[in-house]
Amino acid sequence: MSAALSRWPEEEDEFAMAEDKFARLVAFLRRQESRELDHAELEVTLTEQGRELMRELFQAHVNSRGPGPAAGPVCGADEVERNVRRLHERSLSTVFGEVQVKRLGYGATGVKSLHPLDAELNLPAEEYSLGVRRLAAVHAAKESFDDTVEAVAQQTGKTVGKRQIEELVQRSAVDFDTFYEQRRPKPGEASGSILAISADGKGVVMRPDDLREATRKAAQEETHKLSKHLSRGEKKNRKRMATVAAVYTVAPYVRTPEQITRSLAPLHEAAPARPPVENKRVWASLEKTPEAVLEEAFQEGLHRDPGRQKRWVGLVDGNATQLKLLEKLSTKHEVGMTIVMDIIHVSEYLWKASVAFNEETSLEREKWVSARLNGVLRGQAAQVAAGMRRSATLRELSAKQREPVDTAARYLLNHQHYMHYDRYLAAGLPIGTGVIEGACRHLVVDRMDGVARWSLKGAEAVLRLRALRSSGDFEQYWHYHGAKEYQRNHVAHYANAQVVPVQGRSPPDLSLV
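Heads up: the sequence shown begins at 246 in our numbering, then just goes up one per residue.
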């Protein structure tokens, strides 16, 4: 027996202190002094004492595992055998508080020691447990880093610095891409015959060093009206564009142009129940280019429909870059995508044009818009555009008066190839970008707009975590993340990627999902 093992107490009851703590807590609750507390004071007392009890139970369990002697020779990935054993100690900050882990290290001259017990416990490389990391990730996805610091302190009884919180959040999101790359639909998973892809962009105010190069140069060349505050329009060169994407399936929903026109009226009648959106995945990226994000969207679609049996639909609002990318990628992947212009954006152009011919609050304006929108929905976008221009000419409107008319007409003519709404409605295809616009608001605006300036790494991590929660994938991802941590921190350091288990025990089952 080595000197390290000989110093390990063999007959000590590791749980004696925890049992004594529990007994003292029960005794306190039985005494009169506890009955003098109101319910709020009792909650505080039990939270604090209960957390300490859980910490002692955690510590006792770790101690009960012993120092973790290896079941066989320990050889590292560097092919150096570690035959020198020493007892090492490290701290681990858990959700219950700080504990100490004493375990055998296997080392040799000039190489890093390996600890089989660390692998068995899947300990992280840093001080904070995966539970604390998860706590930081969950809160930072919903609220500010300052609020996350406070929430973690309330839960764990230990204050973690803001910088450490940001680092934990960034580590939490590192496996986002590989998680989705390896994931496949579950057998028998409900899936409609239409596969929809949509994308949009949303600006996020960034630290100067994290702006894209062209934006950073433009910001440096700007002059400002005020010395301590950005005036209207001056934030333009302070933002980096996040590309937001959505992929989902849905069953066909056949409608008529009249139903759409009525549903878009200010006081519209209730429309028939539409099929629910299925298996929606939404995400956003500040780091990646729009093409890279849309390529991921196509890969997600191909994971769901490898045989290209579904009707692929691309939903856009007229953004030229998005249109070019959808056409390019649909050709590349041979999916025969139908690209559809968002009908809400079309109607907004018509509403702006309508004031050239009608009083802003008149019923005639509403009728004018409904008539033109109905024409567009019947696949007559070019005729509607020509009619608007002709009316402006006949009324001898000035250039300024007819400007919204010409703008709307150009929009219709430039995008008429994506406005065959008569065909789309008959086939039951979606014609609106509500899913992606909701994603922009929830993923980006609701969290990112409340911060003065973001770092690129911090913002990207938060966007990923929000995407996981919005897509309903967080729990599955966290299991995957824990398994990847095991691979990185332990498996990768052993010869032949085989962790040497603790003597008498099997290695943990941390298979990748």
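A virtual CB, placed ideally from N, CA and C, is assigned to each residue, including glycine.
- Beta-bridge partners assigned by DSSP to Ala-704: none are found.
- Nearest to Gly-355 by C-alpha distance, out of Tyr-425, Asp-323 and Val-696, is Asp-323.
- Residue range 329–339 is occupied by the beta strand (DSSP E) that includes Glu-334, with no alpha helix (DSSP H) assigned at that position.
- In the three-state reduction of the DSSP assignment, Ile-676 falls in the coil class.
- If you check the CB distance, Gly-313 and Leu-375 do not come in under 8 angstroms.
- Listed as beta-bridge partners of Thr-494 by DSSP are Leu-440 and Glu-523.
- Looking at the DSSP output, Leu-359 shares a beta bridge with Tyr-351.
- Within the same chain, and ignoring the five residues on either side of Ala-626 in sequence, the residues whose Cβ sits closer than 7 angstroms to its Cβ are Leu-657, Gln-661 and Met-664.
- Per the coordinates, the alpha-carbon of Ile-588 lies some 17 angstroms from the alpha-carbon of Gln-628.
- Taking the C-beta atoms as reference points, Ala-316 is found no nearer than 8 angstroms to Glu-259.
- Taking a contact as a CB-CB distance under 8 angstroms, the pair Gly-546 and Ile-584 does not count as one, their CB atoms being some 14 angstroms apart.
- Under the DSSP assignment, Thr-290 falls in the alpha helix (DSSP H) whose first and last residues are 284–309.
- In the DSSP assignment, Trp-723 falls within the unbroken alpha helix (DSSP H) covering 719–734.
- As DSSP reads the structure, Gln-400 sits in no beta bridge.
- Inclusion of Glu-301 and Ala-268 in the CB contact set at 8 angstroms is not warranted, their separation being larger than that value.
- Contact annotation, Ala-487 with Ala-518: C-beta distance approximately 33 angstroms; criterion of less than 8 angstroms not satisfied.
- Within the same chain, Ser-336, Leu-337 and Ser-338 come within 8 angstroms of Glu-372 by CB-CB distance, once the 5 residues on both sides are set aside.
- Per DSSP, reduced to three states, the secondary structure at Lys-484 is strand.
- Val-340 is positioned such that its CB atom lies no closer than 8 angstroms to that of Leu-368.
- Glu-343 is bridged by DSSP to Ser-338.
- Straight-line spacing of the CA atoms in Val-397 and Glu-388 works out to 12 angstroms.
- Where Met-586 is concerned, the enclosing beta strand (DSSP E) starts and stops at 583–586.
- Judged by DSSP secondary structure, Leu-571 falls within the alpha helix (DSSP H) whose first and last residues are 565–578.
- In this structure, DSSP gives Ala-518 a state outside helix and strand, which the three-state scheme calls coil.
- DSSP places Gly-313 in the coil class of the three-state scheme, outside both helix and strand.
- By the Cβ criterion, the segment 440–454 is in contact with the segment 671–680, since at least three pairs of Cβ atoms, one from each stretch, lie closer than 8 angstroms.
- Assignment of Leu-560 by DSSP, reduced to helix, strand and coil, places it in the strand class.
- In this structure, the beta-carbon distance from Thr-506 to Leu-618 falls below 8 angstroms.
- Boundaries of the alpha helix (DSSP H) around Asn-619: 608–622.
- Non-local C-beta neighbours of Asp-445 in its own chain, meaning closer than 6 angstroms and more than five positions away in sequence, comprise Val-489, Ile-681 and Cys-685, ordered along the chain.
- Annotation: Val-600 is outside any alpha helix (DSSP H) and is labelled neither H nor E by DSSP.
- Excluding five sequence positions before and after Lys-484, the CB atoms of its chain that fall closer than 7 angstroms to its own CB belong to Gly-448, Val-449, Val-450 and Met-451, given in chain order.
- Take Arg-711, set aside five residues on each side of it, and the residues of its chain with a beta-carbon closer than 7 angstroms to its own are Ala-386, Leu-688 and Arg-692, in chain order.
- With contact defined as three or more Cβ pairs closer than 8 angstroms, the segment 700–717 and the segment 412–432 are in contact.
- Ranked by how close their Cα comes to the Cα of Lys-266, the residues Thr-501, Leu-287, Glu-297 and Glu-257 have Glu-297 in first place.
- Taking Leu-571 as the centre and dropping the five residues before and after it, the same chain places the C-beta of Gly-559 and Ile-584 closer than 6 angstroms to its C-beta, in chain order.
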